[in-house]
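So the structure is just underneath, and the comments pick up after that.
In the working numbering, the protein residues as written are 5 to 186.
Written out as structure tokens, the structure is:
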């Protein structure tokens, strides 16, 4: 009878226990974000200290591993991961800087969208930044034509003559999809 009572208790309280653990931010990703931000501090830049390639890569790999294992759960987890990925390294190609991982910016955009869906309150700037970085460094699209802007808390197309249909025709996310849920 005691075993039966124990099993029933576990079954009854398991959802509450799982929910409680899901509300805890991923500490590894949080630390990685703190390191990412510290490496970009004004003080470091003034001293000529810039983020190290190996550190940047390790932080991105940590995000990819956490993502593949389903370890990004909370709004903060997705937000932190998006900020880390949007800092993908740049390289010189001819006279211009290009992203070493354009798709990282696009993935960061979708992670930011998930953070918003889960209730993160300060994510619209990141939605615009990640989308625009993808455009800027992909060399696939006309940045000035398709870039977004933030007007208060409202995400808008910079060139208002560009419609969602125009964006779809060139393989971009429609602004209305980005605004879903706001």
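Don't be surprised by glycine CBs; every beta carbon is placed ideally from N, CA and C.
- Contacting residues, own chain, Cβ-Cβ under 8 angstroms from residue 172 (five flanking each side not counted): 178
- Three-state secondary structure (DSSP) at residue 177? coil
- Under the DSSP definition of a beta bridge, which residues are partnered with residue 158? 155
- Item | Selected residue, minimal CA-CA separation from residue 71, among 57, 108, 42 | 108
- So residue 140 is in the alpha helix (DSSP H); what residue range does that whole segment cover? Segment 128-142, the alpha helix (DSSP H) holding residue 140.
- Message: Checking 8 angstroms against the spacing of the C-beta atoms, do residue 152 and residue 136 come in under that value?
- Response: yes
- Task: Drop a sphere of 10 angstroms on the beta-carbon of residue 62, count the other beta-carbons inside from all chains shown, and report buried for 16 or more, exposed for fewer.
- Result: exposed
- Message: Helix, strand or coil, according to DSSP, for residue 49 in the structure here?
- Response: helix
- Range of the contiguous alpha helix (DSSP H) that encloses residue 35: 31-43
- Message: Going by C-alpha to C-alpha distance, which of 65, 88, 117 sits closest to residue 79?
- Response: 117
- Query: At which residues does the alpha helix (DSSP H) containing residue 148 begin and terminate?
  - Reply: Note, residue 148: alpha helix (DSSP H), 147-150.
- Query: Can you list, in chain order, the residues of its chain whose CB lies under 6 angstroms from that of residue 180, leaving out five sequence neighbours each side?
  - Reply: Answer for residue 180: 168, listed in chain order.
- Alpha carbon of residue 164 to alpha carbon of residue 124, nearest angstrom: 27 angstroms
- Give a yes or no on whether the C-beta atoms belonging to residue 64 and residue 89 are separated by under 8 angstroms. yes
- Task: Name the two residues that bound the continuous alpha helix (DSSP H) containing residue 82.
- Result: 79-90
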